[in-house]
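Trainee:
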Amino acid sequence: MNRKYKVEICYSFKPDFAVCIGAGHGKYGIIDNAYRTRVDSAHREKITIPATTAKGRIRHTFERLINMFPHIDAHAERKIFGESGMEGWARFSDLLLLKEDDALLDTKTSTTIDRFRKAAKPKTLRIQEFATLKTGKCFYGTVEGYVALEKETSITKELAFFLLAILNTNSFGGSRSIGFGKGETKILSLKIGTNVFDEGTIKEKIKQLLI
1 MNRKYKVEIC YSFKPDFAVC IGAGHGKYGI IDNAYRTRVD SAHREKITIP ATTAKGRIRH
61 TFERLINMFP HIDAHAERKI FGESGMEGWA RFSDLLLLKE DDALLDTKTS TTIDRFRKAA
121 KPKTLRIQEF ATLKTGKCFY GTVEGYVALE KETSITKELA FFLLAILNTN SFGGSRSIGF
181 GKGETKILSL KIGTNVFDEG TIKEKIKQLL I
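Residue numbers (full-length UniProt numbering): 1 to 211.
1. Does the segment 111–118 come close enough to the segment 150–159 that 3 or more CB-CB pairs lie under 8 Å?
2. For residue 16 and residue 183, which I take to be in contact (beta-carbon distance under 8 Å), what is that distance rounded to the nearest angstrom?
3. Is it buried or exposed for residue 18, if we count other Cβ within 10 angstroms and need 16 for buried?
4. Assuming residue 149 and residue 202 form a contact by the criterion Cβ under 8 Å, report the distance between their Cβ atoms to the nearest whole angstrom.
5. What residue ranges within the segment 156–200 form continuous alpha helix (DSSP H) runs of no fewer than 4 residues, ordered along the chain?
6. Please state whether the Cβ-Cβ distance between residue 90 and residue 143 is less than 7 Å.
7. Would you give the residue range spanned by the beta strand (DSSP E) that residue 96 belongs to?
8. Consult DSSP for residue 92 and reduce its assignment to one of helix, strand or coil.
9. Taking only three categories from DSSP, how would you classify residue 3?
10. Over what stretch of residues does the alpha helix (DSSP H) that includes residue 62 continue unbroken?
11. Quick check: the Cα distance between residue 8 and residue 190, rounded to an integer number of angstroms?
12. Is the CB-CB distance between residue 62 and residue 165 below 7 Å?
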């Protein structure tokens with residue numbers, strides 16, 4: 001008989017080079033919902049990938065991959081992520097840097113030139129804000145929830161598929177088509193009840209259950 005165990009997933013996201021955290025028209029630009037800068041009590045800027053963005057991007061990957069694995073339960077997506085009127089089991093945290101100085105912020109300003117007047121067009125000032133992480137630095141996040149399992153050492157196909165979707169989510173933020181926000185996602189640990197799986201064991205379990 002199945003019982004509910006608490007599942008805790010810790011993962012990291014390491015951008016390849018830079019992420020676009022603000023873009024748009026006007027003096028201060030329009031903040032991209034995928035990345036936000038917040039100011040802490042010491043007036044230091046902190047970059048955050050909101051939980052809603054992490055959930056949305058991972059869900060998008062889940063939907064894309066599920067067509068490749070017809071043996072996965074068709075209701076798995078709503079069980080994990082929820083739907084209108086029903087909550088899923090997965091609770092996502094914001095993705096954060098360990099220290100506020102793990103990223104360097106830079107701003108690029110541009111405008112549009114009128115070919116005939118050889119001058120800037122009015123109301124075309126654009127400001128883009130970028131963040132580059134220092135060598136070896138990553139964003140870190142968690143997913144937690146309670147899942148019905150036979151025992152705390154078991155990983156269901158549904159859970160394995162969810163882990164696969166996290167691993168295959170390799171971009172966050174704006175301007176992805178030109179490379180910004182792309183990177184590598186790693187699952188650092190999986191805890192079911194009191195049992196902890198490391199990265200290598202997780203990948204092996206995914207391979208066994210999905211092949």
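Idealized CB from N, CA, C, for every residue including glycine.
Mentor: Taking the structure as given:
1. no
2. 5 Å
3. buried
4. Contact flag wrong, Cβ pair sits at about 15 Å.
5. 157–167
6. yes
7. 95–97
8. strand
9. strand
10. 51–66
11. 6 Å
12. yes
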